[in-house]
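Participant: For reference, the structure I am asking about is given below.
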Amino acid sequence: MKPTFEMIKNEHGGVEMTYTTSGGKQSSTYFPGPPEDIDHVCLDYMKGRFANVRTLKQVDFIKRKYKEAYQTVFGAMDELKVGDKVVMHTCLEAKRYEGKVWTCRTDQFKASSGS
Numbered sequence: 001m002k003p004t005f006e007m008i009k010n011e012h013g014g015v016e017m018t019y020t021t022s023g024g025k026q027s028s029t030y031f032p033g034p035p036e037d038i039d040h041v042c043l044d045y046m047k048g049r050f051a052n053v054r055t056l057k058q059v060d061f062i063k064r065k066y067k068e069a070y071q072t073v074f075g076a077m078d079e080l081k082v083g084d085k086v087v088m089h090t091c092l093e094a095k096r097y098e099g100k101v102w103t104c105r106t107d108q109f110k111a112s113s114g115s
């Protein structure tokens, strides 16, 4: 059996997360206001959240799956990079572009102040 990680969002924006080890041991925890990533957390913190966590390998697995699940559950998206494909779902300026697939030629534009 492979380990699994599941994230379920509730109506208040909190998430219940369940981690199941390859041995079938399951543990759940709840975040009322989940952060976008948990890259900063350590083994001891994870042990406090999930009673079945014992190793750094498990922590790395949870961090990776958390990031994927967060993007799915909250619709978060990484910044666009050169070569990424995007679809213009609606274009109010020019209907002919609607549904067209574009390839990014530059990194995502970020506005900045002139100061």
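Going by UniProt numbering, the residue at position 72 of the sequence shown is 72; the numbering climbs one at a time, nothing skipped.
Every residue gets a Cβ at the ideal spot worked out from N, C-alpha and C, and that includes glycine.
(1) Kindly identify the DSSP beta-bridge partner or partners of Val15.
(2) For Thr55, does the three-state DSSP call read helix, strand or coil?
(3) What's the gap between the Cα of Lys57 and the Cα of Lys9?
(4) Over what stretch of residues does the alpha helix (DSSP H) that includes Arg49 continue unbroken?
(5) Report, in whole angstroms, the separation of the C-beta atoms of Phe5 and Ala69, which I expect to be a contact under 8 Å.
(6) Relative to the C-alpha of Arg41, which candidate in Glu16, Ile62, Ser22, Gln26 has its C-alpha closest?
(7) Mind checking whether Val82 and Trp102 have CB atoms under 8 Å apart?
(8) If contacts are defined as beta-carbon pairs under 8 Å, then residue 120 and Gly33 qualify, I think. What distance do you get, rounded to the angstrom?
(9) Could you check where the beta strand (DSSP E) with Thr103 kicks off and where it finishes?
(10) Let me make sure I understand the geometry here. Which of Phe74, Thr106, Asp44, Gly24 has the alpha-carbon closest to that of Asp37?
Facilitator: Taking the geometry as given:
(1) What you label residue 15 is simply residue 15 of the sequence shown in a count that begins at 1. According to DSSP, Val15 bridges with Lys9, Phe31.
(2) Here residue 55 refers to the residue found at position 55 of the sequence shown. The answer is coil: DSSP assigns Thr55 none of H, G, I, E or B.
(3) Taking the first residue of the sequence shown as position 1, residue 57 is located at position 57. Taking the first residue of the sequence shown as position 1, residue 9 is located at position 9. One C-alpha to the other measures close to 25 Å.
(4) Counting from one through the sequence shown, the residue named residue 49 turns up at place 49. 43-49 is the extent of the alpha helix (DSSP H) around Arg49.
(5) To locate residue 5, count along the sequence shown from 1; it is residue 5. To locate residue 69, count along the sequence shown from 1; it is residue 69. Indeed, because the Cβ distance is near 7 Å, the residues count as touching under 8 Å.
(6) Counted from its first residue, the sequence shown places residue 41 at position 41. Note on residue identity: the sequence assigns Val, not Arg, to residue 41. Closest by alpha carbon: Ile62.
(7) Position 82 of the sequence shown, counted from the first residue, corresponds to residue 82. Position 102 of the sequence shown, counted from the first residue, corresponds to residue 102. No, the Cβ-Cβ distance between Val82 and Trp102 is not below 8 Å.
(8) No answer is possible for residue 120: the residues shown for the chain start at 1 and end at 115.
(9) Locating residue 103 in the sequence shown gives position 103, counting from the first residue. Its beta strand (DSSP E) spans residues 101-103.
(10) By one-based count along the sequence shown, residue 37 stands at place 37. When only C-alpha atoms are compared, the closest one is Phe74.
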